[in-house]
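**Student:**
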Amino acid sequence: MSKCLICDKVIEPFMSFGKMPIANGFLTKEQFASEYFFELQVAFCERCKMVQLVEQPAREKMFNENYAFFSGTSMAMAIHFKEFADHVMTDYLPSDNPFVVEIGSNDGIMLQHFKEKNIRHLGVEPSANVAEVAIKKGINTISEFFDEKLAHEIVNEYGQADAFLGANVMCHVAYLHSVIEGIKILLKDNGIVMFEDPYMGDVIENTSYDQFYDEHVFLFSILSISYLFGQHGMEVIDVEPQWSHGGSMRYVIARKGARPASNNVLEHLKKEKAMGLDKQLVYDRFRRNCEDSRDSLTFLLREIKKEGKRVVGYAATSKSTTILNYCGIGPDLIDFISDTTPIKQGKFTPGAHIPVRPYEKFLVKYPDYALLFAYNHAKEIMAKEQKFMASGGKWIVYVPEVKVL
Ligand code: SAH
Ligand code: TMP
Ligand code: ZN
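Sequential numbering from 35 applies to the sequence shown in our numbering.
1) Going straight from the alpha carbon of Asn298 to that of Glu215, what length do you get?
2) So who's on the other strand from Thr175, going by DSSP bridges?
3) Kindly examine the ligand ZN and report whether one of its heavy atoms sits closer than 8 Å to the Cβ of Lys428.
4) Is any non-hydrogen atom of the ligand SAH found closer than 8 Å to the C-beta of Gly59, if you look at the structure I gave you?
5) Would you grab the beta carbon distance between Ser161 and Glu99 for me? Rounded to a whole angstrom, and I think it's under 8 Å.
6) Considering Cα atoms alone, identify which of Leu300, Glu419, Glu325 is closest to Glu274.
7) Could you tell me which residues DSSP pairs with Ser372 in its beta bridges?
8) Go to Tyr403, then tell me how far its beta strand (DSSP E) extends in each direction, as first and last residue.
9) Count the other C-beta atoms from every protein chain shown that fall within 10 angstroms of the C-beta of Ile137, then say buried if there are 16 or more, exposed otherwise.
10) How about Ala197 and Leu127: are their beta carbons less than 9 Å apart?
11) Between Val251 and the rest of its own chain, which residues show a CB-CB distance below 8 Å, the 5 nearest in sequence each way excluded?
12) Do Val135 and Ile188 count as a contact pair if the criterion is CB distance below 9 Å?
13) Which stretch, first to last residue, makes up the beta strand (DSSP E) that contains Ile40?
14) Taking a cut-off of 6 Å, which residues have a beta-carbon closer than that to any heavy atom of the ligand ZN, in chain order?
15) Tell me the residue span of the beta strand (DSSP E) that contains Lys95.
16) Quick check: the Cα distance between Lys222 and Cys41, rounded to an integer number of angstroms?
17) Between Ala408 and the ligand TMP, is there a pair consisting of the residue's CB and a ligand heavy atom that are separated by less than 8 Å?
18) With a threshold of 8 Å on Cβ separation, who are the neighbours of Gly385 within its own chain once the five nearest residues in sequence on each side are excluded?
19) Please report the residue range of the beta strand (DSSP E) in which Tyr192 lies.
20) Identify whether Lys53 lies in helix, strand or coil by the three-state DSSP scheme.
21) Using a Cβ-Cβ cut-off of 6 Å (strictly less than) and excluding sequence neighbours within five positions of Asp125, which residues of its own chain qualify?
22) Near Pro373, which residues of its chain fall below 6 Å by C-beta distance, leaving aside the five closest residues on each side in sequence?
23) Quick check: is any heavy atom of the ligand TMP less than 8 Å from the C-beta of Tyr285?
24) If you measure from the beta carbon of Gly216 to each beta carbon in chain B, is any gap under 9 Å?
25) Determine the direct distance from the alpha carbon of Tyr233 to that of Lys413, and round the result to whole angstroms.
26) In angstroms with no decimal places, state the Cα-to-Cα distance between Ser260 and Ala288.
27) Tell me, please, which residues DSSP counts as bridged to Gly200.
28) Can you give me the Cβ contacts of Phe97 inside the same chain, cut-off strictly under 7 Å, excluding the 5 residues immediately before and after it?
Written out as structure tokens, the structure is:
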């Protein structure tokens, strides 16, 4: 029997994606035999509306000195985070010596903009290797997991904060109640919380089931976030949909009554109810859509293989781990996956054990088809790969549906 991580109600999974490894656990051949797996099961809680994993591996298995995701690998995301930082500075920070805390600050992709403006800042980033990159850039960073206890330590050392920020990190944290209690200790009375994460509404709309992997213990909606923060005397005062990571939502949150709430919140809540994000039925339909998507993708890849054509994967994203393992796609169907991240190159993908090669290997000999795992970066990638397309190369995508482009 499992219980909701947010409200403690008994929950039943609406689907299982089967055995899954650590999504960013790229490994060597010698490590195959000892690879860690868990069952990726997803549940919806009818009381608090939170969609969540039933089981999540221990945090140190995912976030450690070998963490393979470096935020700075996408130009478009670099611009996105500059805009995020500018928005905070312009619209939310007081002029008198403000202090900003970001959790999951990674290589400093966002905090660098506060540093440039000489704004007091602190990054909280437990994965030591990515934190090191930020520290080398002169960004004030500590390598710790944020929670209630750490919040006390931060306040003791720096005083209270005006803004608490996070991108693609809150949904990674199973112990959210401790994080929110920490936020309340850390924030000044009229301070704001601003974070963004992949959005459940987009996952349902696009059948982007690859948003479910070990790190993403939650897929948020405004419904579930309002419930969660409401339990702690806080409220959502604004929401702003984002294109990033295949569709995200940014939430602005304050202590109840401390700041006026925008009409946006009610408008979007209405939309969520119209979509049925508060009903089990939608999640059952989603499961059937996932099964159909999986069957179409494996059918297509097998047909292509039968024709003797060559398929290469483009970008060894964390999300691709769910696709490869759920669909049972291995080196028999994909020669290799090219990726620009040095720490992934020369290793094998988690579970499916497809070799990861440097990006240059893709350029040297174009495949007939490139399976685009980084579809959230499609615009940036397609602009870069004009030559591949001109030479007759085709893209395979699977979000929002399986298609050859
Ligand atoms: N914000 C960046 C990085 C997202 S990856 C971006 O959007 O590109 C998620 C990051 O959260 C990882 O670097 C991971 O180490 C960090 N993280 C995980 N749990 C955390 C916690 N409890 N406190 C702070 N950071 C955490
Ligand atoms: P993400 O989807 O989680 O942001 O991961 C992006 C991954 O894609 C990262 O491993 C780097 C890789 N990548 C490429 O290989 N080429 C590219 O052009 C881009 C944008 C990303
Ligand atoms: Zn619940």
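Glycine residues also receive a C-beta, built at the ideal position from the N, C-alpha and C atoms.
**Tutor:** Well, looking at it:
1) The count along the sequence shown starts at 1 and reaches residue 298 at position 264. The count along the sequence shown starts at 1 and reaches residue 215 at position 181. When rounded, the distance between both Cα atoms is 26 Å.
2) For the purposes of this step, residue 175 is taken as the residue at position 141 of the sequence shown. DSSP lists Gly157 as the beta-bridge partner residues of Thr175.
3) One-based indexing of the sequence shown puts residue 428 at position 394. No, the ligand ZN has no heavy atom inside 8 Å of this Cβ.
4) Reading the sequence shown from its first residue, position 25 is the one you call residue 59. Outside the cutoff, so no.
5) Within the sequence shown, the letter at position 127 stands for residue 161. Within the sequence shown, the letter at position 65 stands for residue 99. Distance from Ser161 to Glu99 at the Cβ level is roughly 7 Å; contact confirmed, criterion being Cβ atoms closer than 8 Å.
6) Here residue 274 refers to the residue found at position 240 of the sequence shown. Of the candidates Leu300, Glu419, Glu325, the one whose C-alpha sits nearest the C-alpha of Glu274 is Leu300.
7) Indexing the sequence shown from 1 puts residue 372 at position 338. Paired residues: Tyr348, Arg391.
8) For this step, residue 403 is matched to residue 369 along the sequence shown. Tyr403 -> beta strand (DSSP E) spans 403 to 406.
9) Taking the first residue of the sequence shown as 1, we reach residue 137 at position 103. With at least 16 other beta carbons inside 10 angstroms of its own, Ile137 counts as buried.
10) What you label residue 197 is simply residue 163 of the sequence shown in a count that begins at 1. What you label residue 127 is simply residue 93 of the sequence shown in a count that begins at 1. Yes; because the gap between Cβ atoms is below 9 Å, this pair is in contact.
11) Your numbering for residue 251 matches position 217 in the sequence shown. Contacts found: Leu39, Gln86, Leu87, Gln90, Cys205, His206, Val207, Ala208.
12) Numbered from its first residue, the sequence shown carries residue 188 at position 154. Numbered from its first residue, the sequence shown carries residue 135 at position 101. At the C-beta level, Ile188 and Val135 come within 9 Å of one another.
13) Along the sequence shown, read from residue 1 onward, the residue named residue 40 stands at position 6. Per DSSP, Ile40 lies in no beta strand (DSSP E) segment and is marked neither H nor E.
14) Going along the chain, the residues that qualify are Cys38, Ile40, Cys41, Lys43, Cys79, Arg81, Cys82, Met84.
15) Translated into positions along the sequence shown, residue 95 becomes position 61. Where Lys95 is concerned, there is no enclosing beta strand (DSSP E), although the alpha helix (DSSP H) it sits in stretches over 93 to 96.
16) One-based indexing of the sequence shown puts residue 222 at position 188. One-based indexing of the sequence shown puts residue 41 at position 7. When rounded, the separation of the alpha-carbon atoms in Lys222 and Cys41 is 26 Å.
17) Here the question's residue 408 lines up with position 374 in the sequence shown. Checking every heavy atom of the ligand TMP against the Cβ of Ala408, one is found closer than 8 Å.
18) The residue you call residue 385 lines up with position 351 of the sequence shown. The answer, listed in chain order, is Lys53, Met54, Pro55, Glu69, Phe71, Thr355, Leu358, Asn359.
19) Locating residue 192 in the sequence shown gives position 158, where the first residue counts as 1. For Tyr192, no beta strand (DSSP E) segment is defined; the enclosing uninterrupted segment is the alpha helix (DSSP H) at 182 to 192.
20) On the sequence shown, residue 53 is found 19 positions in, with the first residue counted as 1. Here Lys53 sits in strand by DSSP.
21) Here residue 125 refers to the residue found at position 91 of the sequence shown. No residues qualify anywhere along the chain.
22) In the sequence shown, the residue the question calls residue 373 occupies position 339. The residue you asked about is not Pro; residue 373 is Asp in the sequence shown. Hits under 6 Å: Ala349, Ala350, Val390.
23) One-based indexing of the sequence shown puts residue 285 at position 251. Checking the Cβ of Tyr285 against the ligand TMP gives no.
24) No chain B is present in this structure, which holds just one protein chain.
25) Taking the first residue of the sequence shown as 1, we reach residue 413 at position 379. Taking the first residue of the sequence shown as 1, we reach residue 233 at position 199. Their Cα atoms are separated by approximately 20 Å.
26) Position 226 of the sequence shown, counted from the first residue, corresponds to residue 260. Position 254 of the sequence shown, counted from the first residue, corresponds to residue 288. Approximately 11 Å, taken between the alpha carbons.
27) If you number the sequence shown from 1, residue 200 lands on position 166. Paired residue(s): Ile137, Phe229.
28) On the sequence shown, position 63 is the one that residue 97 refers to. Result list for Phe97: Pro160, Ser161, in chain order.
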